[in-house]
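Undergrad:
Number of protein chains: 4
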Amino acid sequence: MAQDEALSTEDAVRAFRVHSRRRQLLDAAVAVMQRTGFHQMSMQALADEAQVSVGLIYKYFGGKEDILLAAILDILDAFRDQLQPAMDAVGDDPVERLRAGFRRYVEVVDANRDAVALTYGESRTLTVEGRERIKELEVTTADPLRAAIGAGIAAGTLTCADADLAVYDLVMLGHMWALKHWRFRERYTAAQYADAQLDLSLVALSAPPR
Amino acid sequence: MAQDEALSTEDAVRAFRVHSRRRQLLDAAVAVMQRTGFHQMSMQALADEAQVSVGLIYKYFGGKEDILLAAILDILDAFRDQLQPAMDAVGDDPVERLRAGFRRYVEVVDANRDAVALTYGESRTLTVEGRERIKELEVTTADPLRAAIGAGIAAGTLTCADADLAVYDLVMLGHMWALKHWRFRERYTAAQYADAQLDLSLVALSAPPR
Amino acid sequence: MAQDEALSTEDAVRAFRVHSRRRQLLDAAVAVMQRTGFHQMSMQALADEAQVSVGLIYKYFGGKEDILLAAILDILDAFRDQLQPAMDAVGDDPVERLRAGFRRYVEVVDANRDAVALTYGESRTLTVEGRERIKELEVTTADPLRAAIGAGIAAGTLTCADADLAVYDLVMLGHMWALKHWRFRERYTAAQYADAQLDLSLVALSAPPR
Amino acid sequence: MAQDEALSTEDAVRAFRVHSRRRQLLDAAVAVMQRTGFHQMSMQALADEAQVSVGLIYKYFGGKEDILLAAILDILDAFRDQLQPAMDAVGDDPVERLRAGFRRYVEVVDANRDAVALTYGESRTLTVEGRERIKELEVTTADPLRAAIGAGIAAGTLTCADADLAVYDLVMLGHMWALKHWRFRERYTAAQYADAQLDLSLVALSAPPR
DNA sequence: CATGAATGAGAGTTCATTCAT
DNA sequence: TATGAATGAACTCTCATTCAT
Chain W
-17 MAQDEALSTE
-7 DAVRAFRVHS
3 RRRQLLDAAV
13 AVMQRTGFHQ
23 MSMQALADEA
33 QVSVGLIYKY
43 FGGKEDILLA
53 AILDILDAFR
63 DQLQPAMDAV
73 GDDPVERLRA
83 GFRRYVEVVD
93 ANRDAVALTY
103 GESRTLTVEG
113 RERIKELEVT
123 TADPLRAAIG
133 AGIAAGTLTC
143 ADADLAVYDL
153 VMLGHMWALK
163 HWRFRERYTA
173 AQYADAQLDL
183 SLVALSAPPR
Chain V
-17 MAQDEALSTE
-7 DAVRAFRVHS
3 RRRQLLDAAV
13 AVMQRTGFHQ
23 MSMQALADEA
33 QVSVGLIYKY
43 FGGKEDILLA
53 AILDILDAFR
63 DQLQPAMDAV
73 GDDPVERLRA
83 GFRRYVEVVD
93 ANRDAVALTY
103 GESRTLTVEG
113 RERIKELEVT
123 TADPLRAAIG
133 AGIAAGTLTC
143 ADADLAVYDL
153 VMLGHMWALK
163 HWRFRERYTA
173 AQYADAQLDL
183 SLVALSAPPR
Chain L
-17 MAQDEALSTE
-7 DAVRAFRVHS
3 RRRQLLDAAV
13 AVMQRTGFHQ
23 MSMQALADEA
33 QVSVGLIYKY
43 FGGKEDILLA
53 AILDILDAFR
63 DQLQPAMDAV
73 GDDPVERLRA
83 GFRRYVEVVD
93 ANRDAVALTY
103 GESRTLTVEG
113 RERIKELEVT
123 TADPLRAAIG
133 AGIAAGTLTC
143 ADADLAVYDL
153 VMLGHMWALK
163 HWRFRERYTA
173 AQYADAQLDL
183 SLVALSAPPR
Chain Y
-17 MAQDEALSTE
-7 DAVRAFRVHS
3 RRRQLLDAAV
13 AVMQRTGFHQ
23 MSMQALADEA
33 QVSVGLIYKY
43 FGGKEDILLA
53 AILDILDAFR
63 DQLQPAMDAV
73 GDDPVERLRA
83 GFRRYVEVVD
93 ANRDAVALTY
103 GESRTLTVEG
113 RERIKELEVT
123 TADPLRAAIG
133 AGIAAGTLTC
143 ADADLAVYDL
153 VMLGHMWALK
163 HWRFRERYTA
173 AQYADAQLDL
183 SLVALSAPPR
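Protein chains in written order, with our numbering: chain W, -17 to 192; chain V, -17 to 192; chain L, -17 to 192; chain Y, -17 to 192.
1. For residue -7 of chain Y, which residues from the same chain have a beta carbon less than 8 Å from its beta carbon, with the 5 sequence-adjacent residues on both sides left out?
2. Along the segment 72 to 104 of chain W, where does the CB come closer than 7 Å to a CB of chain V? Name the residues.
3. Count the other CB atoms, across all protein chains shown, that sit within 10 Å of the CB of residue 97 of chain Y; report buried if there are 16 or more and exposed otherwise.
4. Is residue 72 of chain V closer than 8 Å to residue 62 of chain V when the C-beta atoms are compared?
5. Where does residue 163 of chain Y sit, in a helix, a strand or coil, going by DSSP?
6. State yes or no: is the C-beta of residue 67 of chain L within less than 8 Å of the C-beta of residue 140 of chain L?
7. Listed from N- to C-terminal order along the chain, which residues in the segment 42 to 73 of chain L have their beta-carbon within a distance smaller than 8 Å of any beta-carbon of chain Y?
8. Does the distance from the C-beta atom of residue 127 of chain W to that of residue 152 of chain W stay below 8 Å?
9. Mind listing which residues of the segment 16 to 30 of chain Y have their C-beta closer than 7 Å to chain L's C-betas, in chain order?
10. Output the distance between the C-alpha atoms of residue 100 of chain Y and residue 106 of chain Y, rounded to the nearest integer angstrom.
11. Can you check whether the C-beta of residue 9 of chain L is within less than 8 Å of a C-beta belonging to chain Y?
12. Can you say whether residue -2 of chain W is buried or exposed, counting buried as having 16 or more other CB atoms within 10 angstroms of its CB?
13. Could you confirm whether any beta carbon from chain V is found closer than 8 Å to the beta carbon of residue 155 of chain W?
14. Which bits of chain W does residue 110 of chain V rub up against, with CB to CB less than 9 Å?
15. Hey, is the segment 105 to 122 of chain Y in contact with the segment 170 to 177 of chain Y, meaning 3+ C-beta pairs nearer than 8 Å?
16. Is there at least one Cβ from chain W nearer than 8 Å to residue 182 of chain V's Cβ?
17. What residues in the segment 132 to 158 of chain V have a beta carbon less than 7 Å from any beta carbon of chain W?
18. Less than 8 Å between the beta carbons of residue 154 of chain L and residue 25 of chain Y, yes or no?
19. If I measure Cβ to Cβ from residue 34 of chain W and keep anything under 6 Å in the same chain, skipping five residues before and after, which residues do I get?
20. Flag residue 123 of chain Y as yes if its beta-carbon sits less than 8 Å from any beta-carbon of chain L, otherwise no.
21. With distances taken Cα to Cα, identify the nearest neighbour of residue 118 of chain V among V:86, V:89 and V:59.
22. Restricting to Cα atoms, I'd like to know which of Y:181, Y:137, Y:74 and Y:19 is closest to residue 148 of chain Y.
23. Please list the partners that residue 107 of chain V has in chain W, where partner means a Cβ-to-Cβ separation under 8 Å.
24. Under 7 Å Cβ-Cβ, which residues of chain W neighbour residue 178 of chain V?
25. Just verifying my parser: in three-state terms, what is the DSSP assignment at residue 15 of chain V?
26. Which residue marks the beginning of the alpha helix (DSSP H) containing residue 72 of chain Y, and which one marks its end?
27. Using a Cβ-Cβ cut-off of 8 Å, state whether residue 116 of chain V counts as contacting chain W.
28. Going by beta carbon distance, what residues of the same chain come within less than 6 Å of residue 167 of chain Y, once the five residues before and after it are set aside?
29. Assuming residue 156 of chain Y contacts residue 87 of chain Y (C-beta within less than 8 Å), just tell me the rounded distance between them.
30. Might you give, ordered along the chain, the residues of its own chain that have their beta carbon closer than 7 Å to the beta carbon of residue 32 of chain Y, omitting 5 neighbours on each side?
31. Could you name the residues of chain V that residue 127 of chain W contacts, counting a contact when the two beta carbons are closer than 8 Å?
32. Closer than 8 Å, CB to CB, is residue 161 of chain L near chain Y or not?
33. How big is the Cα-Cα spacing for residue 89 of chain V and residue 176 of chain V?
34. Going by DSSP in three states, residue 20 of chain W sits in which element: helix, strand or coil?
35. On the premise that residue 27 of chain W lies in contact with residue 12 of chain W, defined as a C-beta separation below 8 Å, what is that separation, rounded to the nearest angstrom?
36. On the premise that residue 83 of chain W lies in contact with residue 145 of chain W, defined as a C-beta separation below 8 Å, what is that separation, rounded to the nearest angstrom?
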């Protein structure tokens, strides 16, 4: 039993080390890609940024493309993990929930601007499987927002001719904070951007059906 | 003078040839990039696609990056050339003009889906100057749409709290037809997409000020 | 027709150039492998030896392994091309033909000692297909020798319990001139080695059946 | 004295452990090389095969090349250790001794086919010293066979124009069981191969001088 | 004694670009 | 104007070896 414990402790230590190395490398990767883009990032540059040797990278990732995929999946995880809690925290009102959710969405985008941009720019680089996985996650990622709008419509607080499209528009406009940051940063903070977009959308969503 | 004429005719012929070669190469480039992306496109592959030799490409373009820039500028030119006429053709009603303009915008995007995607994906590849030029053009490209909304507001047919943002959202959602084509093609044609997005936006633009 | 001729001339010129480049590279490859072995030979070293750039090698060969295969096939071709003529030149007597054939066999081995050694050393490196092709050729290569022994037996000049094995032994002992050159060069020239081995074998082949 | 004894016991234990570790590693090495060849064998693959860590290998061998040399010397030791006893076991008749010796030679080759192939394939990889050592051993290895033929000639049971060459041919044809195994395994077992080759050679060795 | 994470030099290969024809 | 053979720097990835634990 003592041995079992020791073993599982060892395993846990190793698992932790593996995880933190991956984190370190992913962070470095995103940092380099932010400067140079995925294709311009050489493995040597990544190694330098992460302060490790080139060879070590290959102990934690299968290759360059694997790193890109991991970086992208990473931020999709952030959406999945953070959206629901943020919305639950503001109570039951669908409009409030929607606002909270979209705000957090933009915040996550803001914290991962470069990785979001990668999703758009380098997806053709990925395997078909990797691409499919991303597409799927991108859709489910917006589920909490979709649910809030659905609840609003059910409750009569919201009206919308095409709720599906409206949700997807929100997602895309959220991404746009990363993609067109060069344009918006002069005008808005991330929170202001989220609010401005939401105000615009809420007018549409709340309008009486034509 | 006879000689002058001869010369200018020769020049015209040459200019035409240069222009059509550039066209041929740009079309080929977009075709290859559509399949492989910019970085994966080798100059040999481009030459094969265009049915010319590698060396010839360098007579018409400064290098690989130059081709990317030209391809991107090309589609921005299409917006500039086609938006205004399409809007003028439908008369004076601002809403009609807006609808006509956005429809054509999406049509142009649809005809150049790959090039539009390039604008997002590979912009980091470009020189700072190239990038600036694109950003600038992207903004002016939307001017006719902006003008239509302005006219609508002036005429009282449209109301909008943040017209600037609304215009830019239209532009981005237009681009999205290219960027998220994998998702929308199952639901819409390009024209349907344009209409659906515009309907959603018009609700917002037309709503009474809160 | 003039154009056709021009074209075929161009093609012929190109074919010649391609062929001589391949020769040049194969010779260089064999030279480097002789010093370092296949695996130790870097493409850079090969390029240096052949006085070309690394990149050029890949225009003429698919890769490193392809060079190895080509080098090996090359010498098998030499056997195929040279054995029969050398045997025909000495007339009809089976024993004379056998001697002439084996002598030439050893001469070809001698001229390609390094390539022969490669056949033994690096065959595991090759693709299964490449390996199969070599095995097959190695057997057919000895056909003229086999035929001579067969003729001798038919004519009653030779006797042999196991002609097939005897032929294959000759082939292997021929290869041995390359493989154990370090040992035999102190004792024999290539021609002396061929004669000595043949004398030994002829005793066996000529002996009355037990 | 007690301490001395203890020490020497300890030493013996250590020596035994060292020896068995080396055995374990050499066996694993031969097994991996059989599948992949020497150069393709990574130290990690060897460690996996031997069920030890990479680091441990370097406690018992100086490096990768050292393992190759050890594996080759190992089989040469087997010849040295097994040939003489096998020949002594069949009595005094030179022909019988020769047959017994060659049979055992082929048996040892058969048991170490891969290591024998290594001797031919990877010798260029070794240091000059290592190579010299192997050449030397390879010659002395055949001494018992040479002695048997000598005895046969002295006794008048055997006749041979070039006994030295005949012995060396036997050695090489023995090796060939490993090198051309792909060809012979369809026809012979190891014992049958040994007998067939010996029958052929004995005709030559026994023939009356010309 | 034993481990395996970490190193970093060096490998094979690709490809944008040039230039003699 | 058009070609494509030739270049060589830069790339991703591997792996023998070391060393702190």
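Cβ atoms here follow ideal geometry from the backbone N, Cα and C, with glycine treated the same way.
TA: This is what the structure gives:
1. Looking up residue -7 of chain Y in the fourth sequence gives position 11. Nothing meets the Cβ criterion.
2. Residues are counted here when their Cβ sits less than 7 Å from a Cβ of chain V; for the segment 72 to 104 of chain W these are 102, 103 and 104, given in chain order.
3. In the fourth sequence, the residue the question calls residue 97 of chain Y occupies position 115. So residue 97 of chain Y counts as buried.
4. Sequence index remark: in the second sequence, residue 62 of chain V carries index 80 (1-based). Sequence index remark: in the second sequence, residue 72 of chain V carries index 90 (1-based). Cβ distance not < 8 Å, so residue 62 of chain V and residue 72 of chain V don't count as in contact.
5. If you number the fourth sequence from 1, residue 163 of chain Y lands on position 181. DSSP places residue 163 of chain Y in helix when its eight states are reduced to three.
6. To locate residue 67 of chain L, count along the third sequence from 1; it is residue 85. To locate residue 140 of chain L, count along the third sequence from 1; it is residue 158. Going by C-beta atoms, residue 67 of chain L is not nearer than 8 Å to residue 140 of chain L.
7. For the segment 42 to 73 of chain L, there are no residues whose beta carbon sits under 8 Å from a beta carbon of chain Y.
8. Numbered from 1 along the first sequence, position 145 holds the residue referred to as residue 127 of chain W. Numbered from 1 along the first sequence, position 170 holds the residue referred to as residue 152 of chain W. A Cβ-Cβ contact shorter than 8 Å links residue 127 of chain W with residue 152 of chain W.
9. Listed by position, the residues of the segment 16 to 30 of chain Y near chain L (Cβ gap below 7 Å) are 19 and 21.
10. Working through the fourth sequence from its first residue, we reach residue 100 of chain Y at position 118. Working through the fourth sequence from its first residue, we reach residue 106 of chain Y at position 124. If I take the Cα positions, the gap works out to 10 Å.
11. The residue given as residue 9 of chain L occupies position 27 in the third sequence. False, the Cβ-Cβ gap to chain Y never drops below 8 Å.
12. As a first step, residue -2 of chain W must be located in the first sequence, where it is residue number 16. Around the beta carbon of residue -2 of chain W, a 10 Å sphere encloses fewer than 16 other beta carbons of the protein chains shown; the residue is thus reported as exposed.
13. Numbered from 1 along the first sequence, position 173 holds the residue referred to as residue 155 of chain W. It does: the Cβ of residue 155 of chain W has a partner Cβ on chain V nearer than 8 Å.
14. Numbered from 1 along the second sequence, position 128 holds the residue referred to as residue 110 of chain V. Simply none; closest approach about 11 Å.
15. As far as the Cβ criterion goes, the segment 105 to 122 of chain Y does not touch the segment 170 to 177 of chain Y, which means the pair count is below three.
16. Counting from 1 along the second sequence, the entry for residue 182 of chain V is found at position 200. Cβ-Cβ to chain W under 8 Å: yes for residue 182 of chain V.
17. For the segment 132 to 158 of chain V, which is checked against every Cβ of chain W, the residues closer than 7 Å are 143, 144, 147, 148, 151, 154, 155 and 158.
18. The residue given as residue 154 of chain L occupies position 172 in the third sequence. The residue given as residue 25 of chain Y occupies position 43 in the fourth sequence. Going by C-beta atoms, residue 154 of chain L is not nearer than 8 Å to residue 25 of chain Y.
19. Position 52 of the first sequence, counted from the start, is the residue given in the question as residue 34 of chain W. In its own chain, leaving out the 5 sequence neighbours on each side, no residue places its CB closer than 6 Å to the CB of residue 34 of chain W.
20. To locate residue 123 of chain Y, count along the fourth sequence from 1; it is residue 141. Residue contact with chain L for residue 123 of chain Y: absent (no Cβ-Cβ distance below 8 Å to any residue of chain L).
21. For the purposes of this step, residue 118 of chain V is identified with residue 136 of the second sequence, where counting begins at 1. Residue V:59 holds the alpha-carbon nearest to the alpha-carbon of residue 118 of chain V among V:86, V:89 and V:59.
22. On the fourth sequence, position 166 is the one that residue 148 of chain Y refers to. Considering only alpha carbons, the answer is Y:181.
23. Translated into positions along the second sequence, residue 107 of chain V becomes position 125. Correct list: 19, 21 and 22.
24. Here residue 178 of chain V refers to the residue found at position 196 of the second sequence. Ordered by position in chain W, the residues that pass the 7 Å Cβ test against residue 178 of chain V are 144 and 147.
25. By 1-based counting over the second sequence, the position of residue 15 of chain V is 33. Under the three-state reduction of DSSP, residue 15 of chain V is assigned to helix.
26. To locate residue 72 of chain Y, count along the fourth sequence from 1; it is residue 90. No alpha helix (DSSP H) holds residue 72 of chain Y; DSSP gives it neither H nor E.
27. Residue 116 of chain V sits at position 134 when you count from the first residue of the second sequence. No, no contact with chain W.
28. The count along the fourth sequence starts at 1 and reaches residue 167 of chain Y at position 185. If we look at residue 167 of chain Y and ignore the five residues flanking it on each side, it has no Cβ neighbours.
29. Counting from 1 along the fourth sequence, the entry for residue 156 of chain Y is found at position 174. Counting from 1 along the fourth sequence, the entry for residue 87 of chain Y is found at position 105. Contact holds; Cβ gap of about 5 Å.
30. What you label residue 32 of chain Y is simply residue 50 of the fourth sequence in a count that begins at 1. Within the same chain, Cβ atoms closer than 7 Å to the Cβ of residue 32 of chain Y are found at 6, 7 and 10, the five residues on either side in sequence being excluded.
31. Taking the first residue of the first sequence as position 1, residue 127 of chain W is located at position 145. The contacting residues do not exist; residue 127 of chain W stays about 15 Å from chain V at best.
32. As a first step, residue 161 of chain L is located in the third sequence; it is residue number 179 there, counting from the start. Chain Y contact via Cβ: present.
33. Taking the first residue of the second sequence as position 1, residue 89 of chain V is located at position 107. Taking the first residue of the second sequence as position 1, residue 176 of chain V is located at position 194. Cα-Cα distance, rounded: 9 Å.
34. Taking the first sequence and counting its residues from 1, the one referred to as residue 20 of chain W is at position 38. Of the three classes helix, strand and coil, the one that applies to residue 20 of chain W here is coil, per DSSP.
35. As a working note, residue 12 of chain W is residue 30 in the first sequence. As a working note, residue 27 of chain W is residue 45 in the first sequence. Actually they are not in contact, since the Cβ atoms of residue 12 of chain W and residue 27 of chain W sit about 13 Å apart, beyond 8 Å.
36. In the first sequence, counting from the first residue as 1, residue 145 of chain W sits at position 163. In the first sequence, counting from the first residue as 1, residue 83 of chain W sits at position 101. Not really, about 14 Å apart at Cβ, beyond 8 Å.
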